[in-house]
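2 protein chains.
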Amino acid sequence: MPSTSLSFQHRDEHRAWLASQAALPAGFRVGTTRFDFVPIETPKPAKMTLTIIALDQATPDFAAVFTKNAFPGAPIIVGRQRLKEPALGAIVVNNKISNVCAPGGVETAERVCAEAARLLKLSPRQILPSSTGVIGWTLPADAMIGALPQAVAALAPGSILPAAEGIVTTDLYPKIRRADLPGGGSIVGIAKGAGMIEPNLATMLVYLLTDVAVPRADLRAMLARVIDASFNAISIDSDTSTSDTVALVSSSRVPCHDLGAFERGLHTVCRDLAEDVVRNGEGVRHVIRVAVTNAASLAFARALGKAIVNAPLFKCAVAGNDPNVGRLVQAIGKYVGASGVKADLSKLRAKMGGVEIFANGAFQLNPEKENALVAHLKGAELYASAPSKDGVFSAPIDFPRHERCVELEVDVGNGVASATVLGGDLTHEYVSENADYRS
Amino acid sequence: MPSTSLSFQHRDEHRAWLASQAALPAGFRVGTTRFDFVPIETPKPAKMTLTIIALDQATPDFAAVFTKNAFPGAPIIVGRQRLKEPALGAIVVNNKISNVCAPGGVETAERVCAEAARLLKLSPRQILPSSTGVIGWTLPADAMIGALPQAVAALAPGSILPAAEGIVTTDLYPKIRRADLPGGGSIVGIAKGAGMIEPNLATMLVYLLTDVAVPRADLRAMLARVIDASFNAISIDSDTSTSDTVALVSSSRVPCHDLGAFERGLHTVCRDLAEDVVRNGEGVRHVIRVAVTNAASLAFARALGKAIVNAPLFKCAVAGNDPNVGRLVQAIGKYVGASGVKADLSKLRAKMGGVEIFANGAFQLNPEKENALVAHLKGAELYASAPSKDGVFSAPIDFPRHERCVELEVDVGNGVASATVLGGDLTHEYVSENADYRS
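Residue numbers (the working numbering), protein chains in the order written: chain S, 1 to 439; chain X, 1 to 439.
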């Protein structure tokens, strides 16, 4: 469950709330610049934003996890090397092109790092590069190097909002979450990502900044633990990006009095950002939250939750506010049948919106329950679907109206493990976003 | 590759071709009846078709395979018992309701079998029941028993077409394929299925009838082999139905001179029906055929092919005639990254429509290739997408215009195994079919 239950009537109200969350921890500055270029693969002009997150002093206390996709982007290859370096001084992020399997991709990433390092008076190996956008295209290195001085000149303390806005691609709105720690200091995180999201990790870039002094080894262990129950428990479309990155960086300005409180704060920020990513997922009109309980293992619980939120027919039914719970049971049975895991399902019980729909091996349905389920689905809808005049569907809002979810409970009844997984519905807006444009 | 390369200009042309394929093998009769009923779960009138496939004489020579979904329908539970019986006399199929996890489902299926047996002068255990349609609803046993006499009265030899038409649900058209064997006799198959299709098995009902005398043990071994490379190598939407059934029944009227020729004929019929199922898949506007070659194992080759045809972002790109091959490589990398299988991908090469797009660890793209890929995608499109006035997308044709596919070749380069997998794109028509109606 998110720590907050927000709702917004207008875009400006949401933006004001984001600004209220955006205070940068001590020791960080962010700067961005936007410029035009022409991709070499297709001669249509495009725009790119460069974002720099810089530390006032390079820090040994940083952590990062990257995609498990077997074709990782060049920045991931470079980033894995950076984890071995003694210190991190800045993160340089571009959107629009992800620099994945492009000829000479690693060299290009290193060229950009070298120029940023020169401007920032750092070593190139103190720069973590990140890229997100079209897979397969080549980074416009010359244009990026030409734009870097403006991004450096824009560096300012105070607010992380410019960076949250700079890193987005198909996102409808920026995403910021924070935790202010009882002993002083804060953790502030930003995320981009709306499609190709089944983190393992998720195209998701997440940057978590803190001024609390937590040693590198602790940061890395905590990040691994926290990610498992946040970013690795969501799926927009079951597609795992080649660029997923979550980085956690401490400026070590504030002494850490309570590592446990820090980890709880980190968990809150990650869990809320992960939910933000789903809520702003491409075409998502309903967030689906599946709580799997009493399962034989955590792995089974999480995989079953993923199988449900990734089942296209169930996702379509949710999009249509249609409580076609037969498709839910199909998805459970498919996963158990295909996984090879032996599981006794005779005690399985399932609820939607608190209404029992399955127990004792059979559906428990009637017209009254059907009406209650429809009401629950409609209550969780973020916006109504309507095509534009040219037949293209797109979201009519660029802020989240509320934080309600389609709530599913699956009590497997043969163990003690539990997991909560978040996903979205499958909508015309998703197809329009991904069939009608190169994104 | 299909044995035929058909194309049709008009519905009537396709229906005439179906009729030309429809001759029933000796020893079989089919009959259908259609009737109205009211489901108990929702008080909206509905229509159901009952289809009977009857043997002139009960036969010991039959085989069947069923879904691996862990919540199989009641007819699957009954059908698995029927495999142990000494003889099969008839198959009774209903559409509209699949009788899955409905209270008392097995008893209801047996009641229908008992009444059909009484009318056909068979034992109830000589009747194989099949149901397809909405999951979770209860079979209208009284209405079905009331309708059975008309279906029995309609039984006739000659053509399988009434059965091919009787078993459909969301299919746009019936599916019939045949093989006439050099030594005499024939194999004729029919299939229904358009959504919830990733056979393991696929909602897919397939009935394969032959008059060639092949003993039960041979039929069962052959069916298992043939299904693996046909129905288990397709996916519409990665959802595995609770009702999938493929049955193969011989009336043993014609001596079998060549078991090998019979198995080749069976393979042809199954492979062509499997492709028909994909081509008529819910919302499918492009059939995607992935040939994976030089893989380390058959299992890897097939799973990689499935991962590609099930990747939503790649499927959307194909729907939009957009050669966004970055998403193809993402899907490959995701599968290899998540599967835990160690695979050397450094020699991987990929082609679309014969055009090399990936080699030596990098994309091989330029504007000329992009144009060729767009032309290939457009050439494989079955129909153009357009919403109706109310915003609902549906197929404007109820016949297959051609048999062209989006042809992908993935040469893994680290082994000798190969597999071909078929899938479809992800379209507005799929979402409309599954979000806007209970099906």
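All residues carry an ideal CB built from backbone N, CA and C; glycine is no exception.
Do we get a CB-CB distance below 8 Å when we pair residue i with the residues of chain X?
i	result
Thr170/S	no
Val431/S	yes
Ala419/S	no
Thr51/S	no
His428/S	yes
Ser5/S	no
Leu304/S	no
Asn200/S	Residue confidence is low: Asn200/S scores 42 on pLDDT, short of 50, so the model does not pin down where it sits. No coordinate-derived value is stated.
Val309/S	no
For the beta strand (DSSP E) that residue i lies in, which residues bound it at each end?
i	result
Glu423/X	Correcting the residue identity first, residue 423/X is Gly in this sequence and not Glu. Gly423/X -> beta strand (DSSP E) spans Ala417 to Gly424.
Pro129/X	Ile127 to Ser131
Leu408/S	Val406 to Asp411
Asp180/X	Lys175 to Asp180
Taking the alpha-carbon of residue i as reference, which of the options has the nearest alpha-carbon?
i	options	result
Gly423/S	Phe358/S, Val284/S and Phe363/S	Val284/S
Arg401/X	Thr427/X, Asp218/X, Tyr173/X and Leu208/X	Tyr173/X
Thr427/X	Leu50/X, Val392/X and Arg327/X	Val392/X
Ile145/X	Ala109/X, Pro157/X, Asn99/X and Phe363/X	Ala109/X
Ala451/X	Phe28/X, Leu266/X, Thr49/X and Ser339/X	In the structure displayed, chain X extends from 1 to 439; residue 451/X sits before or after that span and is not available.
Gly31/S	Ala331/S, Glu165/S, Asn99/S and Asp61/S	Glu165/S
Phe28/X	Tyr207/X, Arg80/X, Val112/X and Tyr430/X	Tyr207/X
Gly260/S	Ala221/S, Ile397/S, Phe231/S and Val290/S	Ala221/S
Ala291/X	Asp276/X, Leu345/X and Val406/X	Val406/X
Asn280/X	Pro396/X, Asp390/X, Gly326/X and Asn321/X	Pro396/X
Val514/X	Arg80/X, Trp137/X and Ala151/X	It is not possible to answer for residue 514/X, since the shown part of chain X is limited to 1 through 439.
Ala331/S	Ile76/X, Ala22/X, Pro60/X and Val100/X	Val100/X
Arg34/S	Glu403/S, Ala153/S and Leu119/S	Ala153/S
Ser432/S	Leu408/X, Ala386/X and Leu377/X	Ala386/X
Ala58/S	Ile190/S, Leu120/S, Ala22/S and Lys96/S	Leu120/S
Name the two residues that bound the continuous alpha helix (DSSP H) containing residue i.
i	result
Gly265/S	Leu259 to Arg279
Lys378/X	Pro367 to Ala380
Lys315/S	Pro312 to Ala319
Arg289/X	Run containing Arg289/X: none in the alpha helix (DSSP H); it sits in the beta strand (DSSP E), Val287 to Ala295.
Asn434/X	His428 to Ala435
Arg401/X	No alpha helix (DSSP H) contains Arg401/X, which DSSP labels as neither H nor E.
Val106/S	Gly105 to Leu120
Along chain X, in chain order, which residues have C-beta atoms closer than 7 Å to that of residue i?
i	result
Arg327/S	Ile135
Lys68/S	Gly337 and Ala338
For residue i, go through chain S and note every residue whose CB falls closer than 9 Å to its CB, in chain order.
i	result
Cys101/X	Gly326, Val329, Gly333, Phe358, Gly361, Ala362 and Phe363
Which residues in chain X have a C-beta closer than 8 Å to the C-beta of residue i? List them in chain order.
i	result
Ala386/S	Gly391
Pro367/S	Glu41, Thr42 and Pro43
Output yes if chain S places a C-beta closer than 8 Å to the C-beta of residue i; else output no.
i	result
Phe231/X	no
Thr245/X	no
Ala74/X	no
Leu377/X	no
Phe71/X	yes
Leu422/X	no
Name, please, each residue of chain X whose Cβ falls closer than 9 Å to the Cβ of residue i.
i	result
Glu370/S	Glu41 and Thr42
Leu373/S	Here the premise fails: no neighbours, minimum Cβ distance about 12 Å.
Leu345/S	Ala70 and Phe71
Residue i: beta carbon under 7 Å from a heavy atom of the ligand FMN?
i	result
Pro312/S	The ligand FMN is not part of this structure, which contains no ligands at all.
Run through chain S and tell me which residues come within less than 7 Å of residue i, C-beta to C-beta.
i	result
Phe399/X	Residues of chain S passing the Cβ test: none, with the nearest at roughly 24 Å.
Contact between the stretch 54-61 of chain X and the stretch 179-193 of chain X: three or more CB pairs below 8 Å?
-> In short, these stretches do not touch, since the Cβ pair count stays below three.
Just checking, does the stretch 82-90 of chain S make contact with the stretch 120-136 of chain S on the three C-beta pairs under 8 Å criterion?
-> Segment contact: the stretch 82-90 of chain S against the stretch 120-136 of chain S, three or more CB-CB distances shorter than 8 Å; contact assigned.
Is the number of C-beta pairs between the stretch 64-84 of chain S and the stretch 141-156 of chain S that are closer than 8 Å three or more?
-> Cβ pair count under 8 Å is below three, so no.
Could you say if the stretch 300-312 of chain S and the stretch 6-22 of chain X meet the contact criterion of at least three C-beta pairs nearer than 8 Å?
-> Below 8 Å, too few C-beta pairs join the stretch 300-312 of chain S and the stretch 6-22 of chain X to call them touching: fewer than three.
Does the stretch 411-420 of chain X come within contact of the stretch 287-296 of chain X, defined as at least 3 CB pairs closer than 8 Å?
-> Touching, yes.
Do the stretch 249-257 of chain X and the stretch 210-217 of chain X touch if we need at least three Cβ pairs shorter than 8 Å?
-> Pairwise C-beta distances place the stretch 249-257 of chain X in contact with the stretch 210-217 of chain X, as three or more of them are shorter than 8 Å.
When the Cβ atoms of the stretch 16-34 of chain X are set against those of the stretch 334-348 of chain S, are three or more pairs found closer than 8 Å?
-> Contact between the stretch 16-34 of chain X and the stretch 334-348 of chain S is absent: fewer than 3 CB-CB pairs across the two stretches fall below 8 Å.
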